[in-house]
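There are 2 protein chains.
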Amino acid sequence: MSSADLSRRLVKVSRANDLLCFPDPMPMEWARPLRDAGYDLLSVSGAAAAASAERSGNLSWIGAVICATDDMTEAMSLCRHLRRREEPVPLLLIVARHEVAELKLRNDLFDDFCVAPLHPGELPARVEHLFWRTGQPVDQEVIEHGPLVLNLETYQAGIGGRALDLTYMEYQLLRFLATHPGKVFTRETLLNRVWGYEYYGGARTVDVHVRRLRAKLGEEHAHLIQTVRSVGYRLGQANWSPSSHREAERMDDETGPGGPADRVALQF
Amino acid sequence: MSSADLSRRLVKVSRANDLLCFPDPMPMEWARPLRDAGYDLLSVSGAAAAASAERSGNLSWIGAVICATDDMTEAMSLCRHLRRREEPVPLLLIVARHEVAELKLRNDLFDDFCVAPLHPGELPARVEHLFWRTGQPVDQEVIEHGPLVLNLETYQAGIGGRALDLTYMEYQLLRFLATHPGKVFTRETLLNRVWGYEYYGGARTVDVHVRRLRAKLGEEHAHLIQTVRSVGYRLGQANWSPSSHREAERMDDETGPGGPADRVALQF
DNA sequence: CCCAAATGTAAACGGAGCATGAACTCACCC
DNA sequence: GGGTGAGTTCATGCTCCGTTTACATTTGGG
Chain V
0 MSSADLSRRL VKVSRANDLL CFPDPMPMEW ARPLRDAGYD LLSVSGAAAA
50 ASAERSGNLS WIGAVICATD DMTEAMSLCR HLRRREEPVP LLLIVARHEV
100 AELKLRNDLF DDFCVAPLHP GELPARVEHL FWRTGQPVDQ EVIEHGPLVL
150 NLETYQAGIG GRALDLTYME YQLLRFLATH PGKVFTRETL LNRVWGYEYY
200 GGARTVDVHV RRLRAKLGEE HAHLIQTVRS VGYRLGQANW SPSSHREAER
250 MDDETGPGGP ADRVALQF
Chain E
0 MSSADLSRRL VKVSRANDLL CFPDPMPMEW ARPLRDAGYD LLSVSGAAAA
50 ASAERSGNLS WIGAVICATD DMTEAMSLCR HLRRREEPVP LLLIVARHEV
100 AELKLRNDLF DDFCVAPLHP GELPARVEHL FWRTGQPVDQ EVIEHGPLVL
150 NLETYQAGIG GRALDLTYME YQLLRFLATH PGKVFTRETL LNRVWGYEYY
200 GGARTVDVHV RRLRAKLGEE HAHLIQTVRS VGYRLGQANW SPSSHREAER
250 MDDETGPGGP ADRVALQF
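Protein sequence lines correspond, in order, to chains V and E. Note that numbering that gives the first Met the number 0 has the first sequence beginning at 0, numbered continuously upward. Note that numbering that gives the first Met the number 0 has the second sequence beginning at 0, numbered continuously upward.
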């Protein structure tokens, strides 16, 4: 046994150092630098395995390193599962080069990511930084949109000071809409992003959940979720020209009526 | 100003995103993918230069990408400076491989980091994720044409600061015309491109929609959609020749008030 | 000035798309 | 096993808006 192994065991006594890993087994290429940095790895084969591990009371891990280079679908499923936990843990995703562009709309599923192939030192450095900053108040823990408040840590929601008693799917749907206020999402997009890519169900499900959300928001705020006919739904009175003032600086030599000067930053 | 510049100013799909960069100039290797992703780069040579830029009121940047591969000392100095700002901005650090281990003790100086050399797509993806998790609103994609503003994400439209309540087909038609300003489209072309290639319907449908659009644009802006007799419709360059359709039609021999410089050659 | 073609205008029909209420499935718990 | 609550699906009615149709108006050529 190396001295590194020994010190890891000594450290572990005082602090839990377990990282949840995917897939099972974790490729040695990444398992080794993590182990060398003093972490213990608990590999799981997917979301189901993680769930059963949790049910059996094995909840000691303090973070997750998910490798999505081989099975992106299962990796994303696992990410989504981990995000549902009452006590979310820092989640690091490893993706292949050609899939970097795919991350764009899935930012909510992970806290940090690596691009494979990567320098051995990067992985533990990134985990370290992740743990450091999750202890910091950098990340937003609430989403506010007008009278609407979503607490991402406690999975609570409120509107106009009143608490909203939302179910899980209701919360997830509202949260997703609220993370991109104003943007219109098709039902299909919502099913993919909120229900999951492996979900196959009717699009009317979205309608029903929107309806329940509106009911719980109350008549006063029901209009926060707007229907865009033939397209989908969006949250709220989107202020759709917040960048106009920046644009105006570059267009100050434009002539003619209706120029940026008299354009107001409107909110509807 | 060239005609190309004019048209670019009138119509653009904008993501106004200024990033502070170090060093000056930013290495093309990283500047290019960031520019390609729609960011504007403001390079500074160090903390002092950033400070003077701030004093001169140039505070438009919304994030910073600091490359520490060449001058780690100055880079760290710049990081510290940015951290002292009243309104902190997301800060991404680029370090060389052999310096990854150095980061451990400086976690507080940056929000995220990259290890050089890196995949070109990683940089914008990381910036994107950084903005997402720090709660920065991602700028919306809009099309502007004079007083007309179309928000592609929210399916909203406005004219001269006033919101336009458009139906789905109205919006799609206006959007298509606005993405090719000045170009004349036959009714058949519009039916194909806006309604769909498999659409079989009367050409008068276009007329009716144009009429409704003009009505909603208001008398002041109704001329934005111009009729070209025996041909079709176009979204006009009415800023400089609002009085006469005839003049706009005969662009070949025109000697009008706008001058040749303003004549837009760009018919795409 | 007249006529024909092209376009503007108004109204009405009909269907697509959505809200709504209720029933159904499934998991979990006492 | 009954009960409860969440998620999903189904059926129905309704509103909106895209399309058509008919008619008025404009345009341009002879």
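We put the beta carbon where it would ideally sit given N, CA and C, even for glycine. Computed from a prediction, not measured in an experiment: that's the story for all the values here.
Tell me the DSSP secondary structure of residue i in three-state form.
{"i": "Val-183 (chain V)", "result": "coil"}
{"i": "Arg-79 (chain E)", "result": "helix"}
{"i": "Ala-67 (chain E)", "result": "coil"}
{"i": "Leu-176 (chain V)", "result": "helix"}
{"i": "Leu-129 (chain V)", "result": "helix"}
{"i": "Trp-60 (chain V)", "result": "coil"}
{"i": "Ser-51 (chain V)", "result": "helix"}
{"i": "Thr-166 (chain E)", "result": "coil"}
{"i": "Thr-153 (chain V)", "result": "coil"}
{"i": "Glu-197 (chain V)", "result": "coil"}
{"i": "Arg-210 (chain V)", "result": "helix"}
{"i": "Asp-23 (chain E)", "result": "coil"}
{"i": "Glu-121 (chain E)", "result": "helix"}
If we define contact as Cβ-Cβ less than 8 Å, is residue i a contact residue for chain V?
{"i": "Glu-121 (chain E)", "result": "yes"}
{"i": "Phe-175 (chain E)", "result": "no"}
{"i": "Val-99 (chain E)", "result": "yes"}
{"i": "Tyr-196 (chain E)", "result": "no"}
{"i": "Tyr-167 (chain E)", "result": "yes"}
{"i": "Thr-112 (chain E)", "result": "In the sequence under discussion, the amino acid at residue 112 (chain E) is Phe, which differs from the Thr named in the question. Yes - at least one Cβ of chain V is within 8 Å of the one on Phe-112 (chain E)."}
{"i": "Ala-52 (chain E)", "result": "no"}
{"i": "Ala-124 (chain E)", "result": "yes"}
{"i": "Leu-19 (chain E)", "result": "no"}
Verify the CB distance criterion: does residue i have a CB-CB separation below 8 Å to chain E?
{"i": "His-144 (chain V)", "result": "no"}
{"i": "Leu-102 (chain V)", "result": "yes"}
{"i": "Val-209 (chain V)", "result": "no"}
{"i": "Asn-16 (chain V)", "result": "no"}
{"i": "Arg-79 (chain V)", "result": "no"}
{"i": "Gly-181 (chain V)", "result": "yes"}
{"i": "Trp-131 (chain V)", "result": "yes"}
{"i": "Ala-74 (chain V)", "result": "no"}
{"i": "Arg-96 (chain V)", "result": "yes"}
{"i": "Val-64 (chain V)", "result": "no"}
{"i": "Arg-213 (chain V)", "result": "no"}
With DSSP as the reference, identify every bridge partner of residue i, one or two as the case may be.
{"i": "Asp-17 (chain V)", "result": "V:Asp-39"}
{"i": "Thr-226 (chain V)", "result": "V:Tyr-232"}
{"i": "Arg-161 (chain V)", "result": "V:Ile-158"}
{"i": "His-144 (chain E)", "result": "E:Leu-147"}
{"i": "Leu-92 (chain V)", "result": "V:Ile-65, V:Phe-112"}
How many angstroms separate the CA atom of residue i from the CA atom of residue j?
{"i": "Ala-156 (chain E)", "j": "Leu-102 (chain V)", "result": "29 Å"}
{"i": "Val-43 (chain V)", "j": "Met-168 (chain V)", "result": "25 Å"}
{"i": "Ala-24 (chain V)", "j": "Phe-130 (chain V)", "result": "The identity of residue 24 (chain V) in the sequence shown is Pro, whereas the question assumes Ala. Roughly 23 Å between the two C-alpha positions."}
{"i": "Val-114 (chain E)", "j": "Arg-83 (chain E)", "result": "25 Å"}
{"i": "Leu-223 (chain E)", "j": "Leu-234 (chain E)", "result": "6 Å"}
{"i": "Leu-108 (chain V)", "j": "Thr-166 (chain E)", "result": "34 Å"}
{"i": "Ala-177 (chain E)", "j": "Ile-142 (chain E)", "result": "7 Å"}
{"i": "Arg-186 (chain E)", "j": "Gly-217 (chain E)", "result": "22 Å"}
{"i": "Pro-89 (chain V)", "j": "Gly-201 (chain E)", "result": "58 Å"}
{"i": "Glu-73 (chain E)", "j": "Pro-116 (chain E)", "result": "20 Å"}
{"i": "Tyr-232 (chain V)", "j": "Ala-46 (chain V)", "result": "29 Å"}
{"i": "Asp-17 (chain E)", "j": "Trp-29 (chain E)", "result": "15 Å"}
{"i": "Met-75 (chain E)", "j": "Ala-67 (chain E)", "result": "8 Å"}
{"i": "Val-193 (chain E)", "j": "Gln-171 (chain E)", "result": "6 Å"}
{"i": "Leu-19 (chain E)", "j": "Arg-161 (chain V)", "result": "41 Å"}
{"i": "Glu-197 (chain V)", "j": "Ala-214 (chain V)", "result": "28 Å"}
{"i": "Thr-188 (chain E)", "j": "Ser-229 (chain V)", "result": "22 Å"}
Quick one: which chain E residues come within Cβ less than 7 Å of residue i?
{"i": "Val-227 (chain V)", "result": "Tyr-154"}
{"i": "Arg-233 (chain V)", "result": "Thr-153"}
Which residues of chain V have a Cβ atom closer than 9 Å to the Cβ of residue i, listed in chain order?
{"i": "His-222 (chain E)", "result": "Result: empty, since nearest Cβ-Cβ is about 11 Å, beyond 9 Å."}
{"i": "Glu-127 (chain E)", "result": "Leu-102, Lys-103, Asn-106"}
{"i": "Arg-34 (chain E)", "result": "Within 9 Å Cβ-Cβ: nothing; Arg-34 (chain E) doesn't reach chain V, min ~16 Å."}
Please list the partners that residue i has in chain E, where partner means a Cβ-to-Cβ separation under 8 Å.
{"i": "Arg-192 (chain V)", "result": "Those do not exist, as Arg-192 (chain V) stays about 14 Å from chain E at its closest Cβ, beyond 8 Å."}
{"i": "Val-230 (chain V)", "result": "Tyr-154, Tyr-167"}
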